[in-house]
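A short worksheet on the structure shown next.
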Amino acid sequence: MALRQIRLDGDDILRKKCKEVKEMNERTKTLIADMLDTMYDAGGVGLAAPQVGVLKRIVVIDIDYENPYDNPYVLINPVIIEKEGEQCGDEGCLSIPGKVAEVTRPERVVVKFLNGDMEEVTLEATDLFARAICHELDHLDGVLYKDIAEGPLRDAEAPEEEEE
Ligand code: NI
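Here the sequence shown stands for residues 1 to 164, numbered as in our numbering.
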């Protein structure tokens with residue numbers, strides 16, 4: 001398990017456009033494994049390569065954070081080819097810790113990408129999964145959710161303490 005440092009808002013690298021991945025190699029495999037470790041360690045549902053300082057079009061997503069490593073998605077060179085409907089809800093980002101804001105996203109998207117074996121996949125996603133895909137893909141073009149949020153960033157509520 002290897003963790004990488006998560007770049008925070010204000011770091012120029014988060015504003016750059018990422019480059020397509022042409023081939024899978026050991027370096028990229030290690031990057032993807034480290035991105036998963038870093039995402040789970042930070043308690044996020046998604047992470048994009050520029051958030052760990054690498055300008056490649058790679059994102060990892062796992063909205064089922066209660067079962068880490070069970071079924072993570074690795075999306076390489078992802079492109080949204082269909083969008084439908086609207087959902088409005090709070091969004092946060094590992095690069096903007098402790099904050100949330102309301103963002104409108106499509107309710108349903110269809111995304112085309114290469115998986116970790118560089119095989120082409122077309123996937124339909126709705127609800128939180130669709131939101132996560134849109135959020136992470138924005139990172140690949142230097143866009144942060146705060147750029148498109150409906151209102152100001154608010155403090156995220158601290159998780160409730162568990163009672164014994
Ligand atoms: Ni983010």
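For glycine and all other residues, C-beta sits at the position ideal for the given N, C-alpha and C.
Since the structure is predicted, the reported quantities are computational estimates derived from the model, not experimental observations.
Any non-hydrogen atom of the ligand NI within 6 Å of residue i CB
i	result
residue 88	no
residue 93	yes
Buried or exposed by the 16-neighbour rule on C-beta atoms within 10 Å, applied to residue i
i	result
residue 81	exposed
residue 166	Because residue 166 is not part of the residues shown, which for the chain are 1 to 164, the question remains open.
residue 8	exposed
residue 85	exposed
residue 145	buried
residue 42	exposed
Beta-carbon proximity of residue i to residue j, cut-off 7 Å
i	j	result
residue 134	residue 108	no
residue 61	residue 132	yes
residue 100	residue 92	yes
residue 115	residue 74	yes
residue 36	residue 72	yes
residue 57	residue 123	no
C-alpha gap between residue i and residue j, whole angstroms
i	j	result
residue 77	residue 31	15 Å
residue 4	residue 97	16 Å
residue 137	residue 152	22 Å
residue 17	residue 48	12 Å
residue 167	residue 142	Beyond the ends of the chain as shown, which are 1 and 164, falls residue 167; an answer cannot be given.
residue 156	residue 28	33 Å
residue 38	residue 50	13 Å
residue 65	residue 45	6 Å
residue 10	residue 19	21 Å
residue 34	residue 150	33 Å
Near the ligand SAM: residue i beta-carbon under 6 Å from a heavy atom
i	result
residue 21	In terms of ligand content, the structure shown lacks the ligand SAM and carries the ligand NI instead.
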